[in-house]
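Mapping of the sequence shown onto my numbering: residues 21 to 303, in sequence order.
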Amino acid sequence: MTDNENTRGWRGDHPLVESMGRAAALNDFFALPLRYPDPGRWIEAESLFQDDDQRLRDMVVGYGQARWGTDNPHLAASGFIVAYLTRLTYPLISQYVLERRVPDVSLSNLAFHTNGRRIDGTALIRPCFAALPDDPASGHPDAQVVPDEAALYARLKQGLFDANLELVIPSLRRASRASLRVSWNAVASSCAQVYHWLYALAEERETVVENARRFFGDPSSPAYREVTMEVFEHQGKRGFFARRAGCCLWWRGEATREYCSGCILLSREQQDEQFREMLVGGR
């Protein structure tokens with residue numbers, strides 16, 4: 021959950037390792053490493069979020085001080101969930117869109133590498149993934165074959181929401197007074213950021229757009245209508261941007277003090293200006 025994740029654990033010829041490697045060639049955040057041996061430095065995600073509220077609170081406060089420049093537990097919790105989501109949504113959604121695979125990101129299959137009071141790495145415990153019958157790796161022991169595209173999409177939602185965030189967000193609320201609404205706003209924003217970068221980096225842009233519209237237009241998803249994504253053009257360049265229906269509080273941090281490009285607190289004209297600046301700057 022830092023800007024300098026340790027990427028050890030990506031050796032070998034495992035099919036998920038290979039597909040994560042292909043995605044990482046586009047963006048480092050699209051890969052999630054496997055847990056590697058380092059006794060005493062790993063905390064399993066289930067333990068962090070469910071066993072010890074004081075330990076979780078201490079980590080949240082430490083993160084808020086170091087990264088957002090705040091002692092406010094409410095803001096620190098928002099920053100913590102944003103960082104956590106980056107290491108979760110980027111590899112998950114990119115594998116789904118690019119490779120038609122869904123890694124197992126359930127809370128029981130994640131671990132955090134620690135450095136004192138802070139987390140400095142996130143990893144999969146087991147390289148399990150859901151795949152379609154025509155996937156070249158469908159016969160691998162770690163592949164869980166689902167019958168069709170609808171089932172694969174259902175597995176994406178189940179892994180991200182039911183088996184992960186529906187557990188994590190209430191835990192942060194209990195331990196650190198995190199706002200449920202702000203946390204779910206951050207979830208939608210993080211997912212939108214993945215689609216933004218996939219549109220910029222992947223070859224099949226229409227596939228990215230179709231996936232995003234399905235994801236945010238699904239009434240059964242907690243991200244339903246939390247953002248509106250659109251293709252925006254400026255000076256011959258196109259980007260895929262999100263206009264948000266909620267706020268993650270990024271602008272309130274002492275170390276940040278700026279609005280997200282599609283923040284609900286900005287007018288549509290201000291959002292458009294942010295989008296233009298991002299396109300000119302190549303973001």
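We put the beta carbon where it would ideally sit given N, CA and C, even for glycine. Note that this is a predicted model, so its numbers are computed, not measured.
Among the residues of its own chain, which have a CB less than 8 Å from the CB of residue i, if the five just before and after it don't count?
i: residue 23; result: With a pLDDT of 37 at residue 23, under the threshold of 50, the modelled position of that residue is not reliable, and the figure given next carries that caveat. Counting only Cβ-Cβ distances below 8 Å, and skipping sequence neighbours, we find nothing.
i: residue 25; result: Note that residue 25 scores a pLDDT of 40, beneath 50, so its modelled location is shaky; the value from the coordinates is reported in the next line. Cβ within range, chain order: 48, 53, 107, 140, 141, 142.
i: residue 96; result: 80, 81, 83, 84, 85, 88, 90, 196
i: residue 43; result: 50, 51, 111, 114, 115, 118, 119
DSSP on residue i, reduced to helix/strand/coil?
i: residue 140; result: strand
i: residue 166; result: coil
i: residue 262; result: strand
Can you tell which of the options has the C-alpha that lies nearest to the C-alpha of residue i?
i: residue 210; options: 35, 113, 88; result: 113
i: residue 251; options: 194, 37, 219, 175; result: 219
i: residue 149; options: 168, 175, 139, 133; result: 175
i: residue 34; options: 123, 300, 177, 75; result: 123
i: residue 154; options: 241, 288, 62, 169; result: 169
i: residue 284; options: 257, 296, 300, 246; result: 246
i: residue 235; options: 44, 100, 173; result: 173
i: residue 125; options: 192, 188, 98; result: 188
i: residue 301; options: 59, 225, 257; result: 257
i: residue 204; options: 225, 99, 278; result: 99
i: residue 57; options: 75, 297, 134; result: 134
i: residue 299; options: 171, 254, 105, 216; result: 254
i: residue 105; options: 206, 241, 294; result: 206
i: residue 167; options: 145, 177, 151, 178; result: 151
i: residue 198; options: 225, 249, 102, 224; result: 102
Residues in its own chain within less than 7 Å of residue i by CB, not counting five upstream and five downstream?
i: residue 194; result: 73
i: residue 238; result: 244
i: residue 39; result: 115, 119, 121
i: residue 221; result: 46, 47
i: residue 269; result: 95, 98, 202
i: residue 67; result: none
Quick one: what's got a C-beta closer than 6 Å to residue i's C-beta in the same chain, skipping five residues either side?
i: residue 109; result: 210, 211, 214
i: residue 70; result: none
i: residue 208; result: 243, 246, 247
i: residue 286; result: 279
With a threshold of 8 Å between beta-carbons, can residue i be considered close to chain D, or not?
i: residue 143; result: The structure shown contains no chain D; it is built from a single protein chain.
Given 8 Å as the limit, is there contact between the segment 171-184 and the segment 113-131, that is, 3 or more CB pairs closer than that? yes
Would you call the segment 90-106 and the segment 248-266 touching, i.e. three or more CB-CB distances under 8 Å? no
With a floor of 4 residues, list each alpha helix (DSSP H) that falls wholly inside the segment 221-255, ordered by position along the chain. You should have 225-236.
Can you list, in chain order, the stretches of the beta strand (DSSP E) that have 3 or more residues and sit fully within the segment 109-155? Counting only runs of 3 or more, we get 121-123, 130-135, 138-144, 149-151.
Restricting to runs no shorter than 4 residues, where is the alpha helix (DSSP H) found entirely within the segment 31-95? Runs of the alpha helix (DSSP H) inside the segment 31-95: 35-44, 65-70, 73-83.
Report yes or no: do the segment 137-145 and the segment 77-87 share at least 3 C-beta pairs separated by less than 8 Å? yes
Are the segment 160-167 and the segment 37-49 in contact at 8 Å, needing three or more beta carbon pairs? no
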